[in-house]
Amino acid sequence: MTTRERWEQPRPARVCRPRAVFTWFAVMAALSSGCAALAGVREHSRTYWREDMGRVNPATLDAGVQMIIRKHAFRIDRREQSTQELYYESNWVERPVMAEEEVRGVSNARNRFVLRGRALEPEFGGGAVYRIVWELQNEVTTRVGRGWHPAALPEAVREEYRPVYDDLFMEVRTGVRR
343 MTTRERWEQP
353 RPARVCRPRA
363 VFTWFAVMAA
373 LSSGCAALAG
383 VREHSRTYWR
393 EDMGRVNPAT
403 LDAGVQMIIR
413 KHAFRIDRRE
423 QSTQELYYES
433 NWVERPVMAE
443 EEVRGVSNAR
453 NRFVLRGRAL
463 EPEFGGGAVY
473 RIVWELQNEV
483 TTRVGRGWHP
493 AALPEAVREE
503 YRPVYDDLFM
513 EVRTGVRR
């Protein structure tokens, strides 16, 4: 058989493989959405630091908070408790402006921590249990604007408050086991 005869012979029809096409589109969609998500993360700076502290009863949390505010010289400005929610808010503490903030025109900076709890189903034989979330908030004033407003939280400030979070977390965890 010559080359010309081979080319002139009818060829079997190509069968489209739907699974392969679907897989290809799924992979491409995942890659493109992942790239877009990463780009968004780089551009957005959080104005807070949030950590989940786990399940805690109100008495254990209250004892831990009392120890922490004495140790780290904070004051609780607001405390609310209902059957569904628990809320602690510390006083604002002014701090020195970090170098990365000065570049952005920040003139004053302050932080506070907030503890939020949402009630969970009560455990057998136990009282109320809340899922507690720690949040460190950051506000600044700038040379342009006069009022306080949320701004990106510098990593150095987060590390400065880490001992406060760690101490509170340890008090709550050891209080749960007492």
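Numbering (the working numbering), first residue to last: 343 to 520.
All C-beta atoms, glycine included, are put in the ideal place defined by N, C-alpha and C.
Every value quoted in this text rests on a predicted model; they were computed, and no experiment measured them.
C-beta atoms of residue i and residue j nearer than 8 Å
i	j	result
Arg397	Val471	yes
Arg488	Gly447	no
Ile410	Val506	yes
Ala493	Glu481	yes
Rounded C-alpha distance that separates residue i from residue j
i	j	result
Trp434	Thr365	52 Å
Ala461	Asp394	14 Å
Gly376	Glu347	Confidence at Gly376 is low in this model, with a pLDDT of 49, below 50, so the placement of that residue is unreliable and no value is reported for it.
Val514	Gly406	6 Å
Asn453	Glu427	23 Å
Glu497	Trp476	16 Å
Gly469	Val439	44 Å
Glu444	Thr425	44 Å
Asn450	Gly517	37 Å
Ile474	Gln423	12 Å
Thr483	Leu457	24 Å
Leu403	Tyr430	10 Å
Ala401	Met512	15 Å
Leu380	Leu510	Bear in mind that a pLDDT of 39 at Leu380, under 50, signals an unreliable position, so the model cannot answer this.
Glu436	Phe455	13 Å
Leu419	Gln408	Sequence inspection shows Asp at residue 419; the Leu mentioned does not correspond to that position. Spanning the two alpha carbons is a distance of roughly 13 Å.
Trp490	Tyr390	15 Å
Arg417	Ser432	6 Å
Ala415	Arg504	15 Å
Glu463	Lys413	32 Å
Asn399	Leu478	21 Å
Asp508	Glu442	25 Å
Thr344	Glu350	10 Å
Cβ-Cβ separation, residue j to residue i (assumed contact under 8 Å), whole Å
i	j	result
Leu495	Arg392	Actually they are not in contact, since the Cβ atoms of Leu495 and Arg392 sit about 10 Å apart, beyond 8 Å.
Per DSSP, the bridge partner or partners of residue i
i	result
Glu431	Arg420 and Val456
Pro492	Glu481
Arg392	Glu477
Glu436	Arg452
Val398	Tyr472
| request: Within the segment 452–490, note down every full beta strand (DSSP E) run reaching 3 residues or more, in order along the chain. | output: If one requires a minimum length of 3 residues, the beta strand (DSSP E) runs lying completely within the segment 452–490 are 472–484, in chain order.
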